[in-house]
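Visitor:
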Amino acid sequence: MSLPEPSADALEQSTRLLRTITAAIAEAGGWIPFSRYMELALYAPGLGYYSGGARKFGPGGDFITSPELTPLFGQALAAQVEQVMRASAPHVIEVGAGTGLLAADLLLELERRRCAPESYGILEVSGELRERQFDTLAAKAPHLAPRVQWLDTLPERFAGAVVANEVLDVMPVHLVATRGDALYERGVAVDGEGVLRWADSPATGAVAAAAAALELPRSDSAEYVTEINLAGRAWIGEWAARLDRGALLLIDYGYPRAEYYLPSRSSGTLLCYYRHNAHPDPFLWPGLNDITAFVDFTAVAEAAFDAGLDVLGYTNQAAFLFNCGVLDCLARRAPEESADYIRAARAVQRLTTPQEMGELFKVLAVGRGIAEPLLGFMRGDRLHAL
């Protein structure tokens, strides 16, 4: 695959990040786990993919998220957010708000429903994205923008709705590899010419324990490589310690455990995105590529349950959006014969068809103190599959 060449400024930023990474490897004795590499590549202050200044979302970036496709995504999601707020408190926190489009769409639709939140917190690590979010909200919902606050850390206590769209997939993952009866953690080292390379070390500690619990496929003739997202499990635990009443709505691409660790998926799910091209090399131009891994939703649900949260629902994105009235939102959009309606209908199709995002993306709700069944999971709930 031929990828477009980065600009000179982008390559300079990547080179500076590479120096930071190689210094971290040297300081650690010549090897770091892939989770540490992924953390630096995505979040190193001022240099990582999400903490630097590169454009990430939309046609001019590296990928397009659901809110970038159509405001109908946020309008449908608002129905579920409203129910959670009414059962808990009129507050919302969005984690990783991208360009701010989802925040604007949610706020406007919640206002239309006469239940605008008293506060809308955005937990965002990127200064550049905070600026874009501020500009988006000022342009699309200026009268609601004063309700928005940017957060540096999770709140000490919270009641309300937490929205995390495509957040779990960019949390640093550990890579493990099985060869015969041996279990290794895959990490990163530097060769004699200063080039990053893969290097394995016997798995130990929490990584070894988590891998052993999965009973990964093993073969004497081939290796099996996959991911374990310990950071995601810890993040859920942190929310559980802070959530008084409410729910986390987690939207991402992934599988339940029975589908994640299949023998046929022997090279894992790790992918990189650069200018709308998917490729498998996380060492290419560090800091300029998004690095992602599919979500093991069973692990997330288990982490929530073990931390004292209720698992409230799990389904695919198509069922969730239909349950939340995305077709009603579409019908409000414009006359059926209009060009605007046709464009919006195509976006809904992309969000909901199994061949596009409807099946690949899942929605998991976990929370505390929510007694009534959640709207988004009334039909097509797949809790049994977890």
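Heads up, the sequence shown is in UniProt numbering, so the first residue is 1 and it goes up one at a time.
Beta carbons: idealized from backbone N, C-alpha and C, even for Gly.
(1) Output the distance between the C-alpha atoms of L30 and R186, rounded to the nearest integer angstrom.
(2) Excluding the five sequence neighbours on either side, which residues of its own chain have a C-beta within less than 7 Å of the C-beta of T65, listed in chain order?
(3) According to DSSP, what are the bridge partners of A247?
(4) Verify whether the separation of the beta carbon atoms of P256 and L270 is less than 8 Å.
(5) Would you list, in sequence order, the uninterrupted beta strand (DSSP E) runs of no fewer than 3 residues that lie entirely inside the stretch 188 to 238?
(6) With respect to the alpha helix (DSSP H) encompassing R257, which residues constitute its N-terminal and C-terminal limits?
(7) By a C-beta neighbour count over all protein chains shown, 10 Å radius and 16 as the cutoff for buried, is I342 buried or exposed?
(8) Tell me which residues share the same chain as W285 and place their Cβ nearer than 8 Å to its Cβ, disregarding the 5 neighbours each side in the sequence.
(9) I'd like to know if the stretch 237 to 253 and the stretch 156 to 164 are in contact, where contact means that at least 3 CB-CB pairs between them fall below 8 Å.
(10) Can you tell me the Cα-Cα spacing of G308 and R157, whole angstroms?
(11) Nearest to residue 456 by alpha carbon, out of P33, A28 and Y49?
(12) Look up F361 in the DSSP assignment and give the residues it is bridged to.
(13) Which residue or residues does DSSP assign as beta-bridge partners of S14?
(14) Is it the case that the Cβ atoms of A211 and V176 are separated by a distance below 8 Å?
(15) Can you look up G58 in the DSSP assignment and give me helix, strand or coil?
(16) Using the C-alpha atoms, what's the distance from M171 back to F294?
(17) By Cβ distance below 8 Å, which residues in the same chain neighbour A371 in space, the five residues on each side in sequence not counted?
(18) Please return the same chain residues whose Cβ sits closer than 7 Å to the Cβ of L386, not counting the five positions on each side in sequence.
(19) Give the DSSP bridge partners of residue 403, in chain order.
(20) Output yes or no for whether 8 Å exceeds the beta carbon distance between A141 and L107.
(21) Please classify H143 as buried or exposed, where buried requires at least 16 neighbouring CB atoms within 10 angstroms.
(22) May I ask you to verify whether the stretch 232 to 242 touches the stretch 191 to 201, counting CB pairs closer than 8 Å and requiring at least 3?
(23) Going straight from the alpha carbon of T20 to that of A26, what length do you get?
(24) Relative to the C-alpha of G180, which residue among D220, W150 and L216 is closest?
(25) Whole angstroms is fine: what's the gap from C324's alpha carbon to R333's?
(26) Let me check understanding here. Comparing Cα to Cα, which of V207, G74, S126 and Q80 lies closest to Y43?
(27) Less than 6 Å between C-beta atoms, sequence neighbours within five positions excluded: which residues of the same chain meet that for residue 401?
(28) Within the same chain, show all residues whose beta-carbon is closer than 8 Å to that of E82, passing over the 5 residues directly before and after it, in chain order.
(29) Among the residues of its own chain, which have a CB less than 7 Å from the CB of W150, if the five just before and after it don't count?
Guide: Answer, in terms of the structure:
(1) It should be pointed out that residue 30 corresponds to Gly in this sequence rather than to Leu. Each residue's Cα considered, the two are about 13 Å apart.
(2) F57, G98, N165 and E166
(3) A161 and G367
(4) no
(5) 196 to 202 and 223 to 228
(6) R257 to Y260
(7) exposed
(8) Correct list, in chain order: P6, A10, L11, S14 and Y274.
(9) yes
(10) Using only the alpha carbons, I get a separation of about 15 Å.
(11) Coverage of the chain is limited to positions 1 through 386, which leaves residue 456 absent and any answer about it impossible.
(12) Y253
(13) S14 is not bridged to any residue.
(14) The criterion of a C-beta distance shorter than 8 Å is satisfied by A211 and V176.
(15) Unreliable placement is indicated for G58, whose pLDDT of 49 sits below 50; the coordinate value is still reported in the next sentence. Note: G58 maps to coil in three-state DSSP.
(16) 10 Å
(17) A87
(18) P256, F297, T298, A301 and Y314
(19) As shown, the chain starts at 1 and ends at 386. That puts residue 403 outside it, with no answer to give.
(20) In contact: A141 and L107 (Cβ atoms closer than 8 Å).
(21) exposed
(22) no
(23) 10 Å
(24) D220
(25) 16 Å
(26) S126
(27) As shown, the chain starts at 1 and ends at 386. That puts residue 401 outside it, with no answer to give.
(28) Closer than 8 Å at the Cβ level, and outside the excluded window around E82, lie L110, R113 and C115.
(29) I122, E124 and R130
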